[in-house]
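Following: one structure in structure tokens, then a few remarks.
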Amino acid sequence: MASSLDVRADPAPPPCAVVDLVHAEVMRIEPARLTRLAAERGTRPAREELRRLRTVLVRSRLRIWAALEAGEVRDVARQAVALSDVAADLGLPCLREAALNLADCVGGRDPTAIAATSARLSRLCRAALAGLPPGLGLTGQI
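Quick note on this note's numbering: the sequence shown kicks off at 51 and runs consecutively.
What follows is the structure, given as structure tokens:
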């Protein structure tokens with residue numbers, strides 16, 4: 051009888067048993083900001099503003115990753131704060147929080163925390179972009 055410490059008793063799983071885990075996080079969208087924008091400016095100007103904010107979101111995300119790769123900590127923090135403002139304008143509290151977390155994180159210069167926080171921010175950015183299509187009708191579809 052093999053003991054629990056016997057490596058032969060618990061062989062490694064075959065390569066085909068490897069499973070990639072994908073971390074999924076719910077992206078919460080608070081429609082009040084966009085609904086108010088549509089009510090104040092009208093649907094067409096609100097759609098244009100939404101497109102502009104989407105563009106800013108994409109550019110901010112790209113700037114953050116470029117700054118991370120270059121090791122420019124101050125720029126990462128500045129871009130993350132700017133991204134948090136866009137997230138607030140879009141009614142995306144989870145994305146806003148993640149961006150502010152990254153801004154705080156880079157100050158501590160902990161590479162593990164920065165990697166984890168930037169990965170979370172990346173996932174949330176992708177979810178935000180998927181959840182806010184360019185031609186979004188602002189009434190009843192948010």
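No residue lacks a Cβ here, since even glycine has one placed at the ideal position from N, Cα and C.
- By the Cβ test, the region 102-111 is in contact with the region 126-137, since at least three Cβ pairs between them sit closer than 8 Å.
- Pro81 sits in coil when the DSSP states are folded into three classes, being neither helix nor strand.
- Boundaries of the alpha helix (DSSP H) harbouring Glu99: 93-120, taken from the DSSP string.
- Contact check for Leu179 against Arg104 passes: the beta carbons are separated by less than 8 Å.
- Taking C-beta separations shorter than 7 Å and ignoring five residues to either side along the sequence, the partners of Asp139 in its chain run Arg83, Leu103, following chain order.
- In the structure shown, Leu142 adopts coil according to DSSP, grouped into three states.
- Here Leu87 has Ala96, Glu99 as same chain residues with Cβ atoms under 7 Å from its own Cβ, once five neighbours each way along the sequence are excluded.
- If you draw a 10 Å sphere on the C-beta of Thr167, you find 16 or more other C-beta atoms in it, and that means buried.
- Arg159 carries a coil assignment under DSSP once its states are collapsed to helix, strand and coil.
- For the pair Gln129 and Ile114, the Cα-to-Cα distance works out to about 6 Å.
- Taking Val106 as the centre and dropping the five residues before and after it, the same chain places the C-beta of Val136 closer than 6 Å to its C-beta, in chain order.
- When rounded, the separation of the alpha-carbon atoms in Ala149 and Arg101 is 20 Å.
- Between Ala163 and Cys155, the C-beta spacing is below 8 Å.
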